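In terms of the working numbering, the sequence shown opens at residue 1 and continues consecutively. For every residue, glycine included, the Cβ atom is placed at its ideal position computed from N, Cα and C. None of the values given here were measured: they were computed from a predicted structure. Beneath this line is the structure, given in structure tokens, with notes to follow.
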Amino acid sequence: MPSIVQELSGRRKLGGLRTVVECPFKATVLREGPAQDSGAGAAWLAFLCPVHTVDLDGWPGAADHGDNGTMPCGTVLDYRPAEGRLQSHADLWLTPLTGVNPAAYGGRWSEVLDQADRVLLARVEEATAVGEDSPLQNMLAMMDVARRAAARGELGVAATSLGYCERLAQGL
Ligand SMILES: [Zn+2]
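Now the structure itself:
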């Protein structure tokens, strides 16, 4: 890991490794996300190619730094606590996809993920009923892992599981 990453992240422990866009190119830019809510370091660091430096919704940075292709474009090192990562998944794709808004559940992530799981399952069953394969089918297994982890209070595991779902959501 380049030392600039250590420096920009405030030497925090990495919370999650995400791929937020499917892109075949190497990064030329290391985008520094906004500052953490408390303490040192950026909330996240994103590696982006020239195209996605301009064209990537949902990842407004505080500053861009040069990068010599250390990572594939679309790689995000997420240093936020688990709740922050879960909220980011909700904002970027889970709420748009399922209509389930965490604000309505007062931060009870196990209920949010239970409800999102029910919505996805219902959609898959609707598709099956008319003889179609839903692409959401592939998301159900990881959503189930996320839901169960949140129920045990393991929000970090839940956020990591949503990272897999995030990649699948890009193909929808
Ligand atoms: Zn790219």
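In this structure, does DSSP put Trp93 in helix, strand or coil?
-> On the sequence shown, position 93 is the one that residue 93 refers to. It is helical.
Does DSSP put Gly66 in a helix, a strand or coil?
-> On the sequence shown, position 66 is the one that residue 66 refers to. Here DSSP, grouped into helix, strand and coil, assigns Gly66 to strand.
Which value, in whole angstroms, describes the spacing of the CA atoms of Leu120 and Gly10?
-> Position 120 of the sequence shown holds residue 120. Position 10 of the sequence shown holds residue 10. Between Leu120 and Gly10, the C-alpha separation is close to 38 Å.
Cβ neighbour criterion (16 or more within 10 Å) applied to Thr160 | Counting from one through the sequence shown, the residue named residue 160 turns up at place 160. Within a 10 Å sphere around the beta-carbon of Thr160 sit 16 or more other beta-carbons, which makes this residue buried.
Cβ-heavy atom distance, Gln48 to ligand 1, below 8 Å | Counted from its first residue, the sequence shown places residue 48 at position 48. The question names Gln, but residue 48 is Leu in the sequence shown. Shortest gap from the CB of Leu48 to any heavy atom of ligand 1: under 8 Å.
Any heavy atom of ligand 1 closer than 8 Å to the CB of Val76?
-> Sequence index remark: in the sequence shown, residue 76 carries index 76 (1-based). Not so, every heavy atom of ligand 1 lies at least 8 Å from the Cβ.
Looking only at C-alpha atoms, which of Met71, Arg85, Thr70 and Asp67 sits nearest to Trp44?
-> As a working note, residue 44 is residue 44 in the sequence shown. Nearest of Met71, Arg85, Thr70 and Asp67 to Trp44, Cα basis: Arg85.
Trp59: first and last residue of the uninterrupted alpha helix (DSSP H) it sits in = The residue labelled residue 59 in the question sits at position 59 within the sequence shown. Annotation for Trp59: no alpha helix (DSSP H) segment contains it, and DSSP assigns it neither H nor E.
Among the residues of its own chain, which have a CB less than 8 Å from the CB of Leu8, if the five just before and after it don't count?
-> Mapped onto the sequence shown, residue 8 falls at position 8. The residues are Leu30, Glu32, Gly41, Ala42, Leu45 and His65.
Close-in-space but distant-in-sequence residues of the same chain around Ser110 (CB under 6 Å, 5 per side omitted) = Position 110 of the sequence shown holds residue 110. Closer than 6 Å at the Cβ level, and outside the excluded window around Ser110, lie Ala150 and Ala151.
Can you give the Cα-Cα distance for Gly58 and Phe25, rounded to whole angstroms?
-> Position 58 of the sequence shown, counted from the first residue, corresponds to residue 58. Position 25 of the sequence shown, counted from the first residue, corresponds to residue 25. If you take the alpha carbons of Gly58 and Phe25, they lie about 20 Å apart.
Check: Val21 C-beta below 8 Å from any heavy atom of ligand 1 | Residue numbering aside, residue 21 sits at position 21 when the sequence shown is read from its first letter. Result yes, Cβ under 8 Å from ligand 1.
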